[in-house]
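What follows is a set of notes on a single structure, which appears directly below.
Residue numbers (full-length UniProt numbering): 1 to 727.
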């Protein structure tokens, strides 16, 4: 009996399926399907429904299944192929994944990850889509989402072979060593006459070409002496911003000429120059300049230098001192002869054979010639076609120029030369090494790029781990503070503290931060940009206004710089560069500030003014009057008792329209307005010094005899940045 009932029930279920198939066929006809196709599909179903003897489980099931297969459209098949994200699946995880990678692996959006991390020790303020999550947090997020996790198979990366280029070993082969010109660096304080001295030696007008008469970057020149000797001179900036460039100059030099003005004596950059020479182990020659002036005192200069361990020959030391006048050309040949004599004592020689080695003194980008570098050759002979590597770029030498822009075919050790043919602009101070082929040069650059990336990743991970450690400590501290609460109370407290972060992502917070100055720095040469960045590194007023260097580089202002400045609402600063008319018009249209300068002091002052303009106005309180509370009482207004203070004005006056504060034992316990001010029984606006009055506050606060009532006025004044760049 039960078996028969079960069979009939199953038959009814199957019949229902067949009937639904028939309804689907009628829908197909209504949607415009060909009648023959519908008729062919309907025939098996109709025959079963019209003949009860065929109502068997297997028959009905096979008919239903066959119709399901037959009625599937192209759209249905596409939907079937498309993988829908499963809620309860298996997520493949790694030890360290970014927030974005985890969300993608789980088939969720990033908001889901943030929500899962609400009750953890992860600092949501610093969490970005590219922030790295650790394995324990990843597992917790997956489990909270009702999913399972499995560890991804790690690909073991083979250790990469070091393919860097290195200097040749110095062999003991005196036969291949030939004399070379000495490399002399002129150091000293700003405006003590370094460029004028070099100008007199070269008989050119370099000083007139420099902005404000101040050397903005290193110049390397070869000077031919009447006696036939050659001397390579490096003219380095003297002012404070270019300390790194002076250090770079002393690292490739053989002799330092220290220029000191006879009327000024030893100054700040003079002391720095002495220190650079000592650190490099380079001998000094003292050139006391401007001796033609009436106030000149060379002897005072020599005595002042004794305090810095620079002992002249007349005081028993080994430093030659020459009194000169660079402007009038007095005693310049004496200084040159002293330099040649010291060079002969040093016996300067170099190997002019084999692969080239050198140092980049300066680099820049020329519109017509492309990337250019000024370099000192230290070993080998540089010729056209040589393949060079410096930093993370390489060059096949196309042309070489001397300091006058004249093309040269070769450059031997000690000779300064401008090199054309670099793929990108290398950094000043980079070491130049010649390699065998272009393929070898690419190999060296690839290795250096890889090594730098590995080092950066290592540093980033150290920073991340330190931040994670801080967050964990903070989390443990919070847990200890809430140890007395139940787990429900704890969750409620954490949710209230963090729920606002769900509606405000870090990118939105950054947009809301108005107190930030984003800047783009462009310079004529690499050394100038380096000097500006060194100044900006000293910025230590992040609490006042954040300074963000969006981009820096060499060359004139371009449309890309305008677009970048627009994206970050930034300001473009150019040093010894230009902006053409089309770029200026585009900047005006988009409201972007372009600030061009030729003197570094002016640029820094402009930057300080821009920082000041970003600061919110400060509220300055000016005291108008002071009164002391002599008595206290209260009055009834309706059902409320209002405290009233009987006061006497000691200084100035009390004006009801202004703001007041209540001071008790030196502490301000209230700020606000008065609800009433009376003299005897009359309401008044002003009470002058020496008069008595009664007053009540806009807050129900009890007075104490001896309290002070101060009437003050608030004024907004523009703040000034406290950043001091050091000059």
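Backbone N, C-alpha and C define an ideal beta-carbon position, used for all residues, glycine too.
In whole angstroms, what separates the C-alpha of residue 141 from that of residue 116?
For the purposes of this step, residue 141 is taken as the residue at position 141 of the chain shown. For the purposes of this step, residue 116 is taken as the residue at position 116 of the chain shown. Straight-line Cα distance between these residues: approximately 6 Å.
Look at the Cβ atom of residue 351, then the Cβ atom of residue 222, and state whether they are nearer than 8 Å.
Along the chain shown, read from residue 1 onward, the residue named residue 351 stands at position 351. Along the chain shown, read from residue 1 onward, the residue named residue 222 stands at position 222. No. Outside cutoff.
Look up residue 184 in the DSSP assignment and say whether it is helix, strand or coil.
As a first step, residue 184 must be located in the chain shown, where it is residue number 184. Here residue 184 sits in strand by DSSP.
Buried or exposed: which applies to residue 45, given that a residue is buried once 16 or more other Cβ atoms fall within 10 Å of its Cβ?
Taking the chain shown and counting its residues from 1, the one referred to as residue 45 is at position 45. For residue 45, the pLDDT reaches just 47, beneath the cut-off of 50, and the residue's location in the model is therefore unreliable, although a value from the coordinates is still provided. Buried: at least 16 other Cβ atoms inside 10 Å.
Say whether the stretch 373–388 touches the stretch 328–341, bearing in mind that this needs 3 or more beta-carbon pairs closer than 8 Å, one atom from each stretch.
No, because fewer than three Cβ pairs between the stretch 373–388 and the stretch 328–341 fall closer than 8 Å, the two stretches do not touch.
Cutting at 8 Å between CB atoms, please list the residues of its own chain near residue 578, excluding the five before and the five after it.
To locate residue 578, count along the chain shown from 1; it is residue 578. Excluding sequence neighbours, residue 578 sits near 556, 557, 596.
Determine the burial state of residue 305: buried for a count of at least 16 other Cβ atoms within 10 Å of its Cβ, exposed for fewer.
By 1-based counting over the chain shown, the position of residue 305 is 305. Its Cβ being crowded by 16 or more others within 10 Å, residue 305 is buried.
Going by the DSSP bridge assignment, what does residue 517 pair with across the sheet?
Locating residue 517 in the chain shown gives position 517, where the first residue counts as 1. 547.
With a 10 Å radius around its C-beta and 16 neighbouring C-beta atoms as the bar for buried, classify residue 703 as buried or exposed.
The residue you call residue 703 lines up with position 703 of the chain shown. Residue 703 is buried by the Cβ-count criterion.
By DSSP, does residue 451 sit in helix, in strand, or in coil?
Mapped onto the chain shown, residue 451 falls at position 451. Correct three-state label for residue 451: helix.
Under 8 Å: do the stretch 433–445 and the stretch 406–421 share three or more Cβ pairs, one atom per stretch?
Taking 8 Å as the limit for Cβ pairs, the verdict is that the stretch 406–421 does not touch the stretch 433–445.
Using DSSP with H/G/I as helix, E/B as strand and the rest coil, what is residue 704?
For the purposes of this step, residue 704 is taken as the residue at position 704 of the chain shown. Three-state result, residue 704: coil.
Taking 8 Å as the threshold, find out whether the stretch 698–714 comes into contact with the stretch 648–663 through three or more Cβ pairs.
Counting Cβ pairs under 8 Å, three or more are found: they touch.
Rounded to the nearest angstrom, what separates residue 284 and residue 127 at their Cα positions?
For the purposes of this step, residue 284 is taken as residue 284 along the chain shown, with counting starting at 1. For the purposes of this step, residue 127 is taken as residue 127 along the chain shown, with counting starting at 1. Roughly 55 Å separates the two Cα atoms.
With H, G and I counted as helix, E and B as strand and the rest as coil, what does DSSP make of residue 560?
Sequence index remark: in the chain shown, residue 560 carries index 560 (1-based). Looking at residue 560 - three-state DSSP - the assignment turns out to be helix.
Within 10 angstroms of the Cβ of residue 234, are there 16 or more other Cβ atoms? Answer buried if so, exposed if not.
Counting from one through the chain shown, the residue named residue 234 turns up at place 234. Buried, since its Cβ has 16 or more Cβ neighbours within 10 Å.
Hey, would you say residue 259 sits closer than 8 Å to residue 193, going by beta carbons?
Translated into positions along the chain shown, residue 259 becomes position 259. Translated into positions along the chain shown, residue 193 becomes position 193. Contact: yes.
Can you name the start and end residues of the alpha helix (DSSP H) that residue 280 belongs to?
What you label residue 280 is simply residue 280 of the chain shown in a count that begins at 1. Taken as a continuous stretch (DSSP letters only), the alpha helix (DSSP H) holding residue 280 covers 268–280.
Between 404, 693, 320, which has its C-alpha nearest residue 649's C-alpha?
Walking along the chain shown from the start, residue 649 turns up at place 649. Closest by alpha carbon: 693.
So, with DSSP's three-state summary, where would you put residue 534?
The count along the chain shown starts at 1 and reaches residue 534 at position 534. Helix.
With DSSP run on the structure shown, which of helix, strand or coil describes residue 539?
Here residue 539 refers to the residue found at position 539 of the chain shown. Coil at residue 539, not helix or strand.
Please say whether residue 289 and residue 257 have beta carbons closer to each other than 8 Å?
The residue you call residue 257 lines up with position 257 of the chain shown. The residue you call residue 289 lines up with position 289 of the chain shown. Not in contact: residue 257 and residue 289 (Cβ atoms no closer than 8 Å).
Label residue 784 either buried or exposed according to how many other C-beta atoms from any shown protein chain fall within 10 Å of its C-beta, with 16 as the threshold for buried.
The structure shown does not extend to residue 784, since the chain spans only 1 to 727, so no value can be given for it.
Helix, strand or coil, according to DSSP, for residue 286 in the structure here?
Here the question's residue 286 lines up with position 286 in the chain shown. Residue 286 falls in the strand class under three-state DSSP.
Find out if the Cβ-Cβ distance for the pair residue 722, residue 544 is shorter than 8 Å.
Locating residue 722 in the chain shown gives position 722, where the first residue counts as 1. Locating residue 544 in the chain shown gives position 544, where the first residue counts as 1. Yes. Within cutoff.
Given this structure, state the Cα-to-Cα distance separating residue 715 from residue 528, to the nearest angstrom.
As a first step, residue 715 is located in the chain shown; it is residue number 715 there, counting from the start. As a first step, residue 528 is located in the chain shown; it is residue number 528 there, counting from the start. Spanning the two alpha carbons is a distance of roughly 42 Å.
Tell me which same chain residues have a C-beta within less than 7 Å of the C-beta of residue 386, skipping the five on either side of it?
If you number the chain shown from 1, residue 386 lands on position 386. Hits under 7 Å: 356, 397, 434.
Hey, residue 568 and residue 550: beta-carbon distance below 8 Å or not?
Position 568 of the chain shown holds residue 568. Position 550 of the chain shown holds residue 550. The answer is yes: Cβ separation under 8 Å.
Identify whether residue 344 lies in helix, strand or coil by the three-state DSSP scheme.
For the purposes of this step, residue 344 is identified with residue 344 of the chain shown, where counting begins at 1. Correct three-state label for residue 344: helix.
Alpha carbons only, please: which of 450, 370, 367 is nearest the one belonging to residue 161?
For this step, residue 161 is matched to residue 161 along the chain shown. Per the Cα distances, 450.
Please state if the CB of residue 263 and the CB of residue 296 are separated by a distance shorter than 8 Å.
Numbered from 1 along the chain shown, position 296 holds the residue referred to as residue 296. Numbered from 1 along the chain shown, position 263 holds the residue referred to as residue 263. The answer is yes: Cβ separation under 8 Å.
Could you name the residues that DSSP lists as bridge partners for residue 98?
By 1-based counting over the chain shown, the position of residue 98 is 98. Per DSSP, 132.
Does residue 728 pass the burial test, meaning 16 or more other C-beta atoms within 10 Å, or should it be called exposed?
Outside the shown range of the chain (1 to 727) lies residue 728, about which nothing can therefore be said.
Anyone know if the C-beta pair for residue 139 and residue 92 falls short of 8 Å?
Along the chain shown, one-based indexing puts residue 139 at 139. Along the chain shown, one-based indexing puts residue 92 at 92. Their beta carbons are not under 8 Å apart, which means residue 139 does not touch residue 92 by this criterion.
Mapping the DSSP letters down to three states, classify residue 592 as helix, strand or coil.
Along the chain shown, read from residue 1 onward, the residue named residue 592 stands at position 592. Residue 592: coil per DSSP, three-state reduction.
On a Cα-Cα basis, can you pick out the residue from 147, 96, 163 that is closest to residue 442?
Residue mapping note: residue 442 aligns to position 442 of the chain shown, counting from 1. Residue 442 has its Cα closest to that of 163, out of 147, 96, 163.
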